[in-house]
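Residue numbers (this note's numbering): -6 to 237. All C-beta atoms, glycine included, are put in the ideal place defined by N, C-alpha and C. This report refers to the structure that appears directly beneath it.
This is how it looks when you write it as structure tokens:
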């Protein structure tokens, strides 16, 4: 909007100067406003160029800033999911979650179908199939976090001394059934600190499907049963490309 107003103002100013030159200025002095107009044209040209390039530059830089933040949130999510598998709940204790990755073992199970003879009474015995789950071994949680910096997963990348907010809660999925939930997040404005303020404001208010919606970068939810993040699929594709 500012760029459009600047262009309109420059056009009006140019028309006004041209009118003054033709109407009032002697021929021998017309070189002076010509030079001034040239300087003005160069100035406006640079402003217009910067006005076009600034959002493009901002978009590229914000992706570079958001990507490592999302990578850390994915580690937190995977840690919470494994913790839930082992304990039937999530945790907001950050140190306990790191210790869980270091020391916990997950049970390996095998489900099979067996046939049992069931006495129905009156001398009637029938075969009935039954599914049985047995524990056949254990595996360390740590194997799922190989080559991942889980020790520092709660530290927001590029923000010294800042950690992700981690909360747990419950959602009543059906009447009387409470399901555990978790959420980890950090404000976008902190990650984008030092960048163009007007563009940061637009980013915080983003609602488009190809953008990170809202004022936070987050994973999980306290309002619904979800372990997903609020970032678009392009960030997941970016991570996949790096692994390849």
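query, result
"Looking at C-beta atoms only, is the number of pairs between the segment 93 to 113 and the segment 181 to 201 that lie closer than 8 Å three or more?", "no"
"Identify the continuous beta strand (DSSP E) that holds residue 205 and give its terminal residues.", "Neither: residue 205 is in no beta strand (DSSP E) and is coded neither H nor E."
"Can you grab the Cα-Cα spacing for the pair residue 127 / residue 69, in whole Å?", "29 Å"
"Just list the residues that DSSP pairs residue 167 with in beta bridges.", "170"
"Would the segment 47 to 58 and the segment 132 to 146 be scored as touching if the rule is three or more Cβ pairs under 8 Å?", "no"
"Leaving out five residues before and five after residue 103 in sequence, what residues of the same chain have Cβ atoms less than 6 Å from its Cβ?", "127 and 129"
"Taking the alpha-carbon positions, what's the residue 90 to residue 199 distance?", "32 Å"
"Return the CA-CA distance between residue 148 and residue 101, expressed in angstroms with no decimal places.", "32 Å"
"Is the CB-CB distance between residue 211 and residue 174 below 8 Å?", "no"
"Indicate the three-state DSSP secondary structure (helix, strand or coil) for residue 101 in the structure shown.", "strand"
"Write down the C-beta distance between residue 159 and residue 87 rounded to the nearest angstrom, noting that I regard them as a contact closer than 8 Å.", "6 Å"
"Closest to residue 46 by C-alpha separation, out of 61, 219 and 189, would be which residue?", "189"
"CA-CA distance, residue 62 and residue 39?", "34 Å"
"Between 155, 171 and 156, which has its C-alpha nearest residue 162's C-alpha?", "171"
"Judging by CA-CA distance, which residue of 196, 221 and 164 is the nearest neighbour of residue 177?", "221"
"Report the partner residues of residue 211 according to the DSSP bridge assignment.", "178"
"In angstroms with no decimal places, state the Cα-to-Cα distance between residue 217 and residue 124.", "32 Å"
"With 16 as the cutoff for other CB atoms within 10 Å, does residue 72 come out buried or exposed?", "buried"
"Which first and last residues belong to the beta strand (DSSP E) in which residue 125 is found?", "117 to 133"
"For residue 149, name the three-state secondary structure that DSSP assigns.", "coil"
"Could you give the DSSP three-state label for residue 80: helix, strand or coil?", "helix"
"In whole angstroms, what separates the C-alpha of residue 219 from that of residue 122?", "35 Å"
"Output the distance between the C-alpha atoms of residue 203 and residue 192, rounded to the nearest integer angstrom.", "16 Å"
"From the DSSP secondary-structure annotation, give me the bridge partner or partners of residue 107.", "123"
"Is DSSP giving residue 160 helix, strand or coil here?", "strand"
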